[in-house]
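If you're matching positions, the sequence shown starts at 2 in the numbering used here and goes up one per residue. Glycine is no exception: its CB is placed at the ideal position from the N, C-alpha and C atoms.
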Amino acid sequence: HQLTSEAVVESVRSVQTQDSETRQPNEEDFCRNCSTSPCIPFTYIIYCRPATMCCCCPPAISALFCLWVQSGFSKGTVAGALTFFPPDPPLYKFERRDKNGNPIPDDKESGEEDKKTDRTSNQHDEDLRDGTYHPNEGESREKMKSPAQQLTDRAKELRKQAKKRNVRDARDAKNGVTYKLVLDPRLSAPRFRGGVVEATKIRTKTGAYVAAIIYKVPEGAQNENTKTIIYSHGNATDIGAMYPLQSILSHSLECNVISYDYSGYGESGGVPMEANTYKDIEAVFKYTVENLCGGDASKVILYGQSVGSGPCCYLGCRERGMGGIVLHSPFMSGMRVLTPSRALACL
C-alpha cells in the first residue's frame, strides 16, 4: 500500500532525531505510520542505501525502482541502466595524433583514474572469495552494496567519465586532432587490398562526440550507385568487436560501411541513454549524407542489430528518401526481459 508524503517525512525526521549519527531505518520506522503490512519502505529508499521494495517484487524490479527514486525519478537513467552495457574495457582505442601526424600521449588524469579503479577492483576481488564476503578486521557486511546502490554508483561513474571525455574531445576538435584505429590484440581483421579505413569523431546535438569507423571501398570500385550502410551494433559490444564483420560487409557488398559507438561506449563521449542514441544516429546520418553520399540520402541504408534497431526505426520514421532499413534480431521490449507482466512492462 502507499504511504502519504507526510508519513514519509515524519519517518525520516524520527530517524534523524533519535540518533545523532546516520543509521539505517528499521521496520518500526516504516510501519508506525500505517496499519497494514507488509509496507513499502519508501523512507529507506530516500534516506539511505536501498535494498528492497517489498517481499512480492523481484529483486531486479526493486533495484530499478530504487534507482528511479534516487535519480530524481529520471526514466532515462533507469532505461539506460537496464538497456546499455558497454564492454569494459573497450575492444579498441583511438590513437590521438596532432596536425603533424605525431601520436599524442593519453591524459595523465585518465591513467591515474584507471590505476585507482584497478586497485579498488582488486581489493573487491580479495574481499569476495569463493563468492562469499569475508570481512577484514574491523569491517562489517555493510561494505557490500545492494543491487540498487550498484546501479546508482555505475550511473554516477558513467556521468563522471562522460564529462571528462567531452572536455577532451572538444579540445581535440579545436586543435585539429586526428585519430587512428587500434584494435584489441585479440582481434584479427580480414585483410582486403585497396579498401580505406578511417577513424573519426562526430559531434552530436548534445555536444558529445561519438566515435565512428568508416570502411570505404576502393576508388576504382565506386560509382554513382555505391551505397553506404550505417551500422548500429548490438548492446554489449562496440565498433572494435564489430570490425571484422564490417570489413566483410564492405568488401563483399562493395559498399561503404560506417559503424559508430553509442554515447558512453568505447571512445564516444556522453552517457548511454535512449535519448542520446537518437541524437547519435542523427549526427552520423547527417555526416554520412554530406561526406560519403554527395548529399543523396537515397544512397544510405540503415542496419540495426538488436538494441540498434531502436535508433534505426527512430530515424527511419523521420527521414524520408533513404535507400532502406535492415533490422537484425530487433527487440520488442527491454522491460519484458525482466518480467512477463504487461502491467510492469508498460512502465
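Query, Result
"Cβ-heavy atom distance, residue 200 to the ligand COA, below 6 Å", "As presented, the structure is devoid of all ligands, the ligand COA included, so that no description of it is given."
"Inter-residue Cα distance where the pair is residue 197 and residue 318", "31 Å"
"Spatially closest choice to residue 179 from 289, 208 and 105, by CA coordinates", "105"
"Option in 286, 302, 332 and 214 with minimal Cα separation from residue 308", "332"
"According to DSSP, residues forming a beta bridge with residue 66", "None, per the DSSP bridge assignment."
"Cutoff 8 Å; reference residue 1; Cβ partners in own chain excluding five residues on either side", "Since the first residue of the chain shown is 2 and the last is 348, residue 1 is not available in this structure."
"Proximity below 7 Å, CB of residue 272 to CB of residue 159", "yes"
"Euclidean distance between Cα positions of residue 220 and residue 256", "11 Å"
"Where residue 252 sits in the DSSP three-state scheme", "helix"
"Meets three-Cβ-pair contact criterion under 8 Å: the region 157-175 and the region 227-239", "no"
"Euclidean distance between Cα positions of residue 265 and residue 88", "10 Å"
"Residues bridged to residue 260 [DSSP beta-bridge criterion]", "214 and 232"
"Limits of the beta strand (DSSP E) - the one that residue 204 falls within", "197-204"
"Straight-line Cα distance separating residue 329 from residue 297", "25 Å"
"Residue ranges of each beta strand (DSSP E) within the region 261-339, 3 or longer", "301-306 and 325-329"
"Which listed residue (312, 101, 245 and 252) has its alpha carbon closest to that of residue 275", "312"
"Residue 104 - DSSP class collapsed to helix/strand/coil", "strand"
"Closest Cα partner of residue 209 within the set 167, 237, 242 and 216", "167"
"Exposure of residue 117, with buried meaning 16 or more beta-carbon neighbours within 10 Å", "Here the model assigns residue 117 a pLDDT of 46, short of 50, so the residue's position is not dependable, and the following value carries that caveat. It is exposed - the Cβ of residue 117 has fewer than 16 other Cβ atoms within 10 Å."
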